[in-house]
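Number of protein chains: 2
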Amino acid sequence: MEIIKDIMNDTIKIIDEALDKYTNCRNKYQQTIFESMRYSLFNGGKRLRPTIAVKTFELFSDDIQKILPYAAAIEMIHTYSLIHDDLPAMDDDNFRRGKPTNHVVYGEALAILSGDGLLNLSFETMLKDMLYNSESQESSHMKARAIYEVSKYAGVEGMIGGQVVDLFGSHENMDSQTLELMYEKKTAALFQAAAVVGAILGGASDEDIEILREFALYLGLSFQIQDDILDAEEDAKIHKLTHLSFYDIKKSKEDVDIYTNKAFELLDKLSNKDTKFLKELTNLLVHREI
Amino acid sequence: MEIIKDIMNDTIKIIDEALDKYTNCRNKYQQTIFESMRYSLFNGGKRLRPTIAVKTFELFSDDIQKILPYAAAIEMIHTYSLIHDDLPAMDDDNFRRGKPTNHVVYGEALAILSGDGLLNLSFETMLKDMLYNSESQESSHMKARAIYEVSKYAGVEGMIGGQVVDLFGSHENMDSQTLELMYEKKTAALFQAAAVVGAILGGASDEDIEILREFALYLGLSFQIQDDILDAEEDAKIHKLTHLSFYDIKKSKEDVDIYTNKAFELLDKLSNKDTKFLKELTNLLVHREI
Numbered sequence: 023m024e025i026i027k028d029i030m031n032d033t034i035k036i037i038d039e040a041l042d043k044y045t046n047c048r049n050k051y052q053q054t055i056f057e058s059m060r061y062s063l064f065n066g067g068k069r070l071r072p073t074i075a076v077k078t079f080e081l082f083s084d085d086i087q088k089i090l091p092y093a094a095a096i097e098m099i100h101t102y103s104l105i106h107d108d109l110p111a112m113d114d115d116n117f118r119r120g121k122p123t124n125h126v127v128y129g130e131a132l133a134i135l136s137g138d139g140l141l142n143l144s145f146e147t148m149l150k151d152m153l154y155n156s157e158s159q160e161s162s163h164m165k166a167r168a169i170y171e172v173s174k175y176a177g178v179e180g181m182i183g184g185q186v187v188d189l190f191g192s193h194e195n196m197d198s199q200t201l202e203l204m205y206e207k208k209t210a211a212l213f214q215a216a217a218v219v220g221a222i223l224g225g226a227s228d229e230d231i232e233i234l235r236e237f238a239l240y241l242g243l244s245f246q247i248q249d250d251i252l253d254a255e256e257d258a259k260i261h262k263l264t265h266l267s268f269y270d271i272k273k274s275k276e277d278v279d280i281y282t283n284k285a286f287e288l289l290d291k292l293s294n295k296d297t298k299f300l301k302e303l304t305n306l307l308v309h310r311e312i
Numbered sequence: 023m024e025i026i027k028d029i030m031n032d033t034i035k036i037i038d039e040a041l042d043k044y045t046n047c048r049n050k051y052q053q054t055i056f057e058s059m060r061y062s063l064f065n066g067g068k069r070l071r072p073t074i075a076v077k078t079f080e081l082f083s084d085d086i087q088k089i090l091p092y093a094a095a096i097e098m099i100h101t102y103s104l105i106h107d108d109l110p111a112m113d114d115d116n117f118r119r120g121k122p123t124n125h126v127v128y129g130e131a132l133a134i135l136s137g138d139g140l141l142n143l144s145f146e147t148m149l150k151d152m153l154y155n156s157e158s159q160e161s162s163h164m165k166a167r168a169i170y171e172v173s174k175y176a177g178v179e180g181m182i183g184g185q186v187v188d189l190f191g192s193h194e195n196m197d198s199q200t201l202e203l204m205y206e207k208k209t210a211a212l213f214q215a216a217a218v219v220g221a222i223l224g225g226a227s228d229e230d231i232e233i234l235r236e237f238a239l240y241l242g243l244s245f246q247i248q249d250d251i252l253d254a255e256e257d258a259k260i261h262k263l264t265h266l267s268f269y270d271i272k273k274s275k276e277d278v279d280i281y282t283n284k285a286f287e288l289l290d291k292l293s294n295k296d297t298k299f300l301k302e303l304t305n306l307l308v309h310r311e312i
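Taken in sequence, the protein lines are chains A and B.
Residue numbering for the first sequence follows this note's numbering, beginning at 23 and increasing consecutively.
Residue numbering for the second sequence follows this note's numbering, beginning at 23 and increasing consecutively.
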């Protein structure tokens, strides 16, 4: 477990350097919004999604620089979704990771614009790389595929769609199937974007891409249910609909194991068998205690 | 003037059909957000930006279907910016074009997500077209250039940057140069995105692309100052910083004429001289009385 944490910390450092580069403010009039965007981007996040992107990429290719714009872009999308989620009109959270949320520090208006700015910057970053950093037409085409995957997983058919289900979800109108759909969209979607983008840009076969797409789905689902278990043990948010609204702790823990095992089985189907890191990452995420 | 209005109405119809197609809800769980996005998209907008995209495109190419995903995408971006602008934390407007604003009808949370959804859908729509509708690698490359231009004009260096300046602008910290920068970013940027995308996808030379980029800047600036003049004559919003905070009506009207003339001069420099529609459109926009 210590070794994987060291590897993760190395990866986080590389991702943070990339994020720093892509959010470098060039003009005075943008200073405020860059400060606000960076406040939330560099707020002690675990960089799970970019780590998944980097590590799936590394199953197929060594040149890690190639995945960084996309890994960073997915983290920008994750961060914008948190800024908007925390707003008073949404979850109304004043703290995240022990620090005041974006709108508490910068005000609601700038928080809204900073979220918009990060979503937009995510696409700018990827498109710029596709346009100016592709060594061949094949490479450019792979990047176009990757960016389109990100856009779908982030959008109304993906993460945003899941947030809408979350917003209107209640015991009256939601069953366990709808909850799973919500988790798939709200949480697993960006995990899937990360894994698929890593695979596509690494040059994986279509078969391996689809295996990793499914792997990330089960990783995302077990991650989210584990989150519910930890929340329930620590501080029951009764108003919030979670896996534990439908199942007890025992069944929930069993479900985490079932999904984790599915994720492991999928990794074993890959043409590249060097999946040690992804398996340990999966273990770390779903058996974490914080 | 009647003829140009007929042409505009024909164009609006084509753009509305495209927008309708791209916002076709496929799954039950997305029904609410699609309803909300469409409420604001189909709210009697004049479709200026997509019309500019279509008409600059038509200077160089006839196959209008090719520009529609991009024209529609720019209108989605314009619409999302209005939804977020109207929020209580921003301009706090309850009505737009005589109808209740998005958050009044759907609530603030869904209004925020609908804005996010439209911005994301804008990129999805363009990327899908690039990936699946390009007849050659050259066409695909032109589309990549176009999408990147949209992302820059919509982002923190463009429209969002202008909104931030607007947010924190006051008489104490803003001079007339800063106001012009704000107008360039907040209003002219999407006009420029439209004109540049039309030119690129139409197959214009780099020289013509740059001429149309500058044309749209002056069109946007004169449009915005004319807006200020109409606002001032109708209902002075004293708290809001406008061109009339620095200049009187007479000078403001002169500035509209100066910028309009610059726009006309630029059109005369184009290799294609068939600029009658764009000139009449410019006249219509800057000499409008509503």
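Even for Gly, the Cβ is constructed at its ideal location relative to N, Cα and C.
Asked: Cβ-based neighbour list, B:A176, same chain, cut-off 6 Å, excluding 5 preceding and 5 following; Found: I99
Asked: Terminal residues of the alpha helix (DSSP H) in which A:D108 lies; Found: 90-108
Asked: Interface positions of the segment 162-190 of chain B facing chain A (Cβ-Cβ less than 8 Å), listed along the chain; Found: S162, H163, A166, R167, I169, Y170, S173, K174, A176, G177, V178, E179, I182, G183, Q185, V186, V187, L189, F190
Asked: Cβ separation of B:K207 and B:G184, assumed to be a contact under 8 Å, to the nearest whole Å; Found: 3 Å
Asked: Proximal residues of chain B, C-beta to C-beta of A:Y61 below 9 Å; Found: What A:Y61 touches in chain B: nothing, since even the nearest Cβ is about 14 Å away.
Asked: Continuous alpha helix (DSSP H) assignments of at least 4 residues falling wholly in the segment 268-302 of chain A; Found: 271-290
Asked: The segment 161-175 of chain A touching the segment 162-171 of chain B, judged by at least three CB pairs closer than 8 Å; Found: yes
Asked: Cα-Cα separation, B:E255 to A:L201; Found: 54 Å
Asked: Beta-carbon proximity of A:L189 to A:A210, cut-off 9 Å; Found: no
Asked: Test: B:F213 CB closer than 9 Å to a CB of chain A; Found: no
Asked: Selected residue, minimal CA-CA separation from B:K35, among B:A111, B:L90, B:V308; Found: B:L90
Asked: Cβ-Cβ separation, A:A238 to A:F213 (assumed contact under 8 Å), whole Å; Found: 4 Å
Asked: Within 9 Å, strictly: CB atoms of A:L252 and A:R310; Found: yes
Asked: Counterpart residues of A:P122 in DSSP-defined beta bridges; Found: A:F117
Asked: Inter-residue spacing [alpha-carbon to alpha-carbon] between B:K262 and A:E229; Found: 57 Å
Asked: Short CB-CB distance (under 9 Å) between B:I55 and chain A; Found: yes
Asked: A:L109 vs B:A111 beta-carbon contact at 9 Å; Found: yes
Asked: Of the residues B:Q199, B:D290, B:M204, B:P72, the one placed nearest B:V178, counting alpha carbons only; Found: B:M204
Asked: Proximal residues of chain B, C-beta to C-beta of A:Y51 below 9 Å; Found: G183, G184, V186, V187, T200, L203, M204, K207
Asked: Contact with chain B by A:L243, beta-carbon distance below 9 Å; Found: no
Asked: Pairwise C-alpha distance: A:N65 and B:D270; Found: 47 Å
Asked: is_contact[A:R118, chain B] using C-beta, thresh 9 Å; Found: no
Asked: 8 Å Cβ shell around B:K77 - same chain, five flanking residues per side excluded; Found: T33, G220, F299, L300, L303
Asked: Chain B contact residues for A:G139, given Cβ-Cβ distances below 7 Å; Found: G177, V178, I182
Asked: Beta-carbon contacts of B:L234 that lie in its chain and below 6 Å, excluding the five residues immediately before and after; Found: T78, A217, A221
Asked: Rounded C-alpha distance that separates B:D290 from B:N283; Found: 11 Å
Asked: Element boundaries [alpha helix (DSSP H), containing A:S198]; Found: 198-205
Asked: Contact the segment 81-89 of chain B vs the segment 123-131 of chain B: 3+ CB pairs below 8 Å; Found: no
Asked: Any non-hydrogen atom of the ligand FMN within 8 Å of A:E160 CB; Found: With respect to the ligand FMN, the structure shown offers nothing to examine, as it has no ligands at all.
Asked: Residue from A:A75, A:D113, A:S173, A:D114 whose Cα sits closest to the Cα of B:L141; Found: A:S173
Asked: Option nearest B:D42 by Cα separation, candidates B:S62, B:V278, B:Y170; Found: B:S62
Asked: Supposed contact pair B:T147 and B:A215 - C-beta distance, whole angstroms, cut 8 Å; Found: Actually they are not in contact, since the Cβ atoms of B:A215 and B:T147 sit about 14 Å apart, beyond 8 Å.
Asked: Cα-Cα separation between A:L306 and A:F245, rounded to whole angstroms; Found: 10 Å
Asked: Endpoints, the alpha helix (DSSP H) within which B:H163 is located; Found: 159-176
Asked: Test item: CB-CB of A:L132 and A:I25 under 9 Å; Found: no
Asked: Closer than 9 Å to chain B by CB, A:R71; Found: no
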